[in-house]
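Colleague: One line per chain: the protein sequences are A and B, in this order.
So for the first sequence, our numbering puts the first residue at -15; every next one is plus one.
So for the second sequence, our numbering puts the first residue at -15; every next one is plus one.
Dumping the structure here so I can ask a few things about it.
Protein chains: 2
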Amino acid sequence: MSLPIKHRNAASTREAILAAARNRFTLDGYDHAGLRAIAADAGVDPALICRYFGGKELLFAEVLATTGRDPMEIIAGDRASFGRRVAEALLRPTDCRPDRLAFVQLAIRSSTSPVASKLVRERIESQFIVPFTAWVGGECAAQKAWLAGSILMGAATMLALGCTPSNETPDDGMLDHLARTLQRLVDDD
Amino acid sequence: MSLPIKHRNAASTREAILAAARNRFTLDGYDHAGLRAIAADAGVDPALICRYFGGKELLFAEVLATTGRDPMEIIAGDRASFGRRVAEALLRPTDCRPDRLAFVQLAIRSSTSPVASKLVRERIESQFIVPFTAWVGGECAAQKAWLAGSILMGAATMLALGCTPSNETPDDGMLDHLARTLQRLVDDD
DNA sequence: GTCGCGTGTCAACAGATGGTGACTTATTAG
DNA sequence: CTAATAAGTCACCATCTGTTGACACGCGAC
């Protein structure tokens, strides 16, 4: 986490700050991720963050924009395996590329902060609702997109809260049900 | 909101504080609902809140315990109309009794705060997951309960974020899809 | 070497937060 | 009427937050 030799390199320290911020924002949410904590993780003075990014809100905006890949990478594809694909991406983040749906974690943990929620909503709209609506097609595409997003957000919220059926790690039963529910959403009508 | 004549009555001012706190916590979440704002709404000095409830966390605990009715009032009942019943309770809070699923709003807005999330999780477990699991029955009851809770939390989160398919108020299409998805959860297997 | 500028640190500010003890005011008992 | 107690207020504290300006360090150019 901390580089043993501290070469003065603006680009790399900027990346270090961004990585630390991404981690803290994802773990603690916008409100509880303090600039001092982020700076400490990055091995940097808090003042530097403001000078580099122009403040906490701008930092969050940059983190949000660079966290996770385009969700459509997972969503778009074979229609028949959509449910399982997405469920696995959410419940088994270590199996596939770990950052596939990372922005969902980031989103739910910062959804309560007024300034962060605005940015979060815009990202959800532009990078999930709109492309998903186009991909799923059909008459009720918009409603399906909203519901699919709701299910993903809700499942992630419950996990973040520590609510699991077996009081353990997510099990196969959860994955099956989640996958089936999502699959039905794109299948019918 | 403010009584013109202020009789000194411990019980009624306690209720006023509780009502103001419930409102603020539901609207702004645990973190952004300040004791000063709650006190101002109740027409009371902030210090009184600490003296009456012993601090913000205990106040929140009492609000959480007294907000919304037992969710099973809506959930338990005719199995065939379960989906629509719950969907309407969530999306049309003004149609039925307004406080039926009020605790869901309270829950999602305070789910990010470490101290509040602990209380929220306990309430979800004890007043939703456990009784729902018993009610739905069957082999995968626990997974169904978790998924149902996830869907409710997610839908409420999306609404709270301002994400709706039509950028307007929740429409009938959303209600239909939500109802159907929930219904399938209890129907199959 | 040494000057200059990019890079980073330090100290401090203003604002807000939850919380506490001493104080004042109203109500009621005797 | 008066004294005791409940009800409520005030000033204040310690802490934390994001942010800023002045300062120190270090590397490259000359």
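Glycine residues also receive a C-beta, built at the ideal position from the N, C-alpha and C atoms.
Using a 10 Å radius around the Cβ and a threshold of 16 neighbouring Cβ atoms, would you call A:Ser50 buried or exposed?
Modeller: Here the sequence assigns Thr to residue 50 of chain A, which means Ser is not the residue at that position. Classification for A:Thr50: exposed.
Colleague: Using 9 Å as the limit for Cβ to Cβ distance, is B:Cys80 near chain A?
Modeller: With a pLDDT of 49 at B:Cys80, under the threshold of 50, the predicted position of this residue should be treated as unreliable, though the coordinate-derived value follows. No, B:Cys80 does not count as interfacial toward chain A.
Colleague: Select from A:Val70, A:Val99, A:Gly27, A:Ser97 the residue whose C-alpha is nearest the C-alpha of A:Ala86.
Modeller: The shortest C-alpha separation from A:Ala86 is found at A:Val70.
Colleague: On the three-pair Cβ rule with 8 Å, is the segment 13 to 32 of chain A touching the segment 107 to 121 of chain A?
Modeller: No, the segment 13 to 32 of chain A does not touch the segment 107 to 121 of chain A.
Colleague: Enumerate in chain order the residues of its own chain whose CB-to-CB distance from A:Ser95 is below 7 Å, with the five nearest sequence positions on each side excluded.
Modeller: The answer, listed in chain order, is Ser101, Val104.
Colleague: Distance cutoff 9 Å, beta carbons only. Does A:Asp155 sit that close to anything in chain B?
Modeller: Yes, A:Asp155 lies at the interface with chain B (some Cβ there is under 9 Å from its Cβ).
Colleague: Can you have a look at A:Asp62 and say buried or exposed, based on whether 16 or more other CB atoms are within 10 angstroms of its CB?
Modeller: Label assigned to A:Asp62: exposed.
Colleague: What residues from chain A crowd round B:Met56, counting only those whose CB sits closer than 7 Å?
Modeller: In chain order: nothing, as chain A lies at least about 17 Å away.
Colleague: Between which two residues does the alpha helix (DSSP H) carrying B:Pro77 extend?
Modeller: Note, B:Pro77: premise wrong, no alpha helix (DSSP H); not H, not E.
Colleague: Is any beta-carbon of chain A found at less than 9 Å from that of B:Leu162?
Modeller: It does: the Cβ of B:Leu162 has a partner Cβ on chain A nearer than 9 Å.
Colleague: Using a Cβ-Cβ cutoff of less than 6 Å, which residues in the same chain neighbour A:Ala60 once the five nearest sequence positions on both sides are dropped?
Modeller: Excluding positions up to five away in sequence, the list reads Trp119.
Colleague: Taking only the alpha-carbon atoms, compute the straight-line gap between A:Leu42 and B:Gln167 and give it to the nearest angstrom.
Modeller: About 43 Å.
Colleague: Does chain B have any CB closer than 9 Å to the CB of A:Arg93?
Modeller: For A:Arg93, the answer is yes, since a Cβ of chain B falls inside 9 Å of its Cβ.
Colleague: Got a sec? Which residues, its chain only, sit under 6 Å from B:Asp91 by beta carbon, not counting five neighbours each side?
Modeller: The displayed chain sequence assigns Ala, not Asp, to residue 91 of chain B. Once the five neighbours on either side are set aside, the close Cβ partners of B:Ala91 are Val104.
Colleague: So, helix, strand or coil for B:Glu123, using DSSP?
Modeller: Correct three-state label for B:Glu123: coil.
Colleague: I'd like to know whether the C-beta atoms of A:Leu169 and A:Leu143 end up nearer to each other than 9 Å.
Modeller: In this structure, A:Leu143 does not lie closer than 9 Å to A:Leu169 by Cβ.
Colleague: Return the CA-CA distance between A:Leu136 and B:Ala163, expressed in angstroms with no decimal places.
Modeller: Answer to the nearest angstrom: the Cα atoms are 17 Å apart.
Colleague: Hey, A:Ala0 and A:Ala26 are a contact pair by Cβ (cut 8 Å); roughly how many whole angstroms apart?
Modeller: The pair is a contact, with the Cβ atoms about 4 Å apart (cut-off 8 Å).
Colleague: By alpha-carbon positions, which one of A:Arg6, A:Gly38, A:Gly18, A:Met56 ends up nearest to A:Ala129?
Modeller: The option with the nearest alpha carbon to A:Ala129 is A:Met56.
Colleague: So B:Gly138 and A:Ala125 are supposed to be a Cβ contact under 8 Å. How far apart are they, rounded?
Modeller: Not quite, the Cβ-Cβ distance comes to about 18 Å (not below 8 Å), so this is no contact.
Colleague: Closest Cβ-Cβ distance between A:Ile22 and chain B: below 9 Å?
Modeller: Answer no: the Cβ-Cβ gap between A:Ile22 and chain B never drops below 9 Å.
Colleague: Let me know the secondary structure DSSP gives A:Pro98 once reduced to three states.
Modeller: Reduced to three states, the DSSP call for A:Pro98 is helix.
Colleague: Less than 8 Å between the CB atoms is what I'm expecting for B:Gly157 and A:Gln127, so what's the real figure, rounded?
Modeller: Going by Cβ atoms, the distance from B:Gly157 to A:Gln127 rounds to 4 Å, so yes, they are a contact pair.
Colleague: By Cβ distance, which residues of its chain are closer than 8 Å to B:Arg20, with the 5 residues on each side in sequence left out?
Modeller: Excluding residues within five positions, the ones whose Cβ falls inside 8 Å are Pro30.
Colleague: Which first and last residues belong to the alpha helix (DSSP H) in which A:Val28 is found?
Modeller: First-last for A:Val28: undefined, no H or E at that position.
Colleague: Going by Cα to Cα distance, which pick from A:Thr10, A:Pro98, A:Val28 is closest to A:Asn(-7)?
Modeller: The option with the nearest alpha carbon to A:Asn(-7) is A:Val28.
Colleague: If you drop the 5 nearest sequence neighbours on each side, which residues of the same chain put their C-beta closer than 8 Å to that of A:Ser110?
Modeller: None.
Colleague: With 16 other CB atoms within 10 Å as the buried threshold, where does A:Glu72 fall?
Modeller: A:Glu72 is buried by the Cβ-count criterion.
Colleague: Looking at the ligand ADP, does it come within less than 8 Å of A:Met137, judged from the CB to the closest heavy atom?
Modeller: As for the ligand ADP, it is missing from this structure, which has no ligand bound.
Colleague: On the three-state DSSP scale, how would you describe A:Asp54?
Modeller: Here A:Asp54 sits in coil by DSSP.
Colleague: Measure from the alpha carbon of A:Leu145 to the alpha carbon of each residue in A:Arg53, A:Ile108, A:Gly52, A:Gly13, then state which is nearest.
Modeller: Considering only alpha carbons, the answer is A:Gly13.
Colleague: Could you check if B:Gly52 is buried or exposed, using at least 16 other CB atoms within 10 Å of its CB as the buried criterion?
Modeller: Per the 10 Å Cβ criterion, buried.
Colleague: Closest to B:Arg(-2) by CA distance: which of B:Ile58, B:Tyr36, B:His(-9), B:Thr141 is it?
Modeller: Ranking B:Ile58, B:Tyr36, B:His(-9), B:Thr141 by Cα distance to B:Arg(-2) puts B:Tyr36 first.
Colleague: Using a C-beta cutoff of 9 Å, does A:Ala144 count as contacting chain B?
Modeller: So, interface residue.
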